[in-house]
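Report on one structure; see the data block that follows.
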Amino acid sequence: MRLTANGVAAERGGRKVLAGVSFALAAGEMLAVTGPNGAGKSTLLRVIAGLIKPTAGDVALAPVSEAGLGASSHYLGHLDGLKRALTIEENLGFWRKLWGGAGDIGAALEAVGLGGLEHLPVATLSAGQRRRVAIARMLMAVRPIWLLDEPTTALDAAAEAMLGRLLAGHLAGGGIVVAATHRGLPVPPASTLTLGNPP
14 MRLTANGVAA ERGGRKVLAG VSFALAAGEM LAVTGPNGAG KSTLLRVIAG LIKPTAGDVA
74 LAPVSEAGLG ASSHYLGHLD GLKRALTIEE NLGFWRKLWG GAGDIGAALE AVGLGGLEHL
134 PVATLSAGQR RRVAIARMLM AVRPIWLLDE PTTALDAAAE AMLGRLLAGH LAGGGIVVAA
194 THRGLPVPPA STLTLGNPP
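Last residue of the sequence shown: 212 in this note's numbering, with the numbers rising by one and none dropped.
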């Protein structure tokens, strides 16, 4: 498996935020995307996920997946994307059904340190706990590409170590990770892409 970007450019609100971005990742590799605020880190992740169409260039996955690049990826945005009125279990169950996955909710919550709390409404959780639930959501269906926008946001040291174990396991299984970060990552990336303000 190989994920490549070739000369990607993109705009947000009519302003160019990416220009000439290229990289290549093989199975088991992680790319850290760094740069100042507004440099286009989040935009790049959204382009890879298929949420934003690039104005130039392209992103490709080889071998080509019948489901498409977007359906081969998990996207963890800077917002957690959880329904506050639902319980943890209901949130994860919703995404598992939507994706047609077979992830074990109990096992996923154990993996992120929230075992036994599946009955709690998301509205009662701390920011760090909500982030852990959002990470557990990626375990509801197997997808080879993880796109992570500031994945350590609101996580304490123990939770960062947990994230590191999950990342290491995903990469060891042949997965690919692209992570936007300004704080560093709990697992050393294979390479780093530093974005600046495009001309």
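Every residue, glycine too, gets a C-beta built ideally from N, C-alpha and C.
Look at the Cβ atom of residue i, then the Cβ atom of residue j, and state whether they are nearer than 9 angstroms.
i	j	result
VAL72	LEU82	yes
MET43	LEU198	yes
ILE148	LEU176	yes
THR47	THR194	yes
LEU206	VAL60	no
ALA69	ALA18	no
ALA75	MET14	yes
LEU105	ARG178	no
HIS87	ALA154	yes
Please check the pair residue i and residue j, which I expect to be a contact at CB under 8 angstroms, by giving their CB distance rounded to whole angstroms.
i	j	result
THR137	HIS91	Not really, about 22 angstroms apart at Cβ, beyond 8 angstroms.
ILE118	VAL146	About 10 angstroms separates the two Cβ atoms, so there is no contact after all.
ALA40	ILE158	That belief does not hold up - the Cβ atoms of ALA40 and ILE158 are roughly 10 angstroms apart, past 8 angstroms.
VAL45	ALA192	The question names Val, but residue 45 is Ala in the sequence shown. At roughly 6 angstroms, the Cβ-Cβ gap stays under 8 angstroms, so ALA45 and ALA192 are in contact.
LEU95	LEU161	Wrong, their Cβ atoms sit about 16 angstroms apart, outside the cutoff.
LEU58	LEU38	With 8 angstroms as the limit, LEU58 and LEU38 do not qualify as a contact, their Cβ atoms being about 13 angstroms apart.
Are there 16 or more other CB atoms within 10 angstroms of the CB of residue i, so buried, or fewer, so exposed?
i	result
VAL164	Inspection of the sequence shows that residue 164 is occupied by Pro rather than by Val. The residue is buried, with at least 16 neighbouring Cβ atoms inside 10 Å.
THR77	At residue 77 the sequence reads Val, which differs from the Thr that was named. Exposed, by the Cβ-count rule.
GLY53	buried
GLU131	buried
ASN50	exposed
SER204	exposed
ALA32	buried
PRO67	buried
PRO201	exposed
ALA218	Outside the modelled stretch of the chain, which goes from 14 to 212, sits residue 218, for which no answer is possible.
GLY196	Sequence check: residue 196 is Arg here, not Gly. That one is exposed.
Report all residues from its chain with a CB closer than 8 angstroms to the CB of residue i; omit the five preceding and five following residues, and keep chain order.
i	result
ALA98	PRO134, VAL135, ALA136
SER85	LEU74, SER78, ARG156, PRO157, ILE158
GLY187	MET14, ALA40, GLY41, PRO157
ALA185	GLY41
GLY129	LEU122
CB-CB under 6 angstroms to residue i, same chain, minus the five flanking residues each way: which ones, in chain order?
i	result
GLY126	MET175
LEU152	GLY116, ALA121
ALA140	ALA167
So, for residue i: in the same chain, excluding its five sequence neighbours on each side, which residues have a beta-carbon less than 7 angstroms away from its beta-carbon?
i	result
ARG144	ASP93, THR166, ALA167, LEU168
Are there any heavy atoms of the ligand HEM lying less than 8 angstroms away from the beta-carbon of residue i, as far as the coordinates show?
i	result
ALA136	The ligand HEM is absent from the structure shown, which contains no ligands of any kind.
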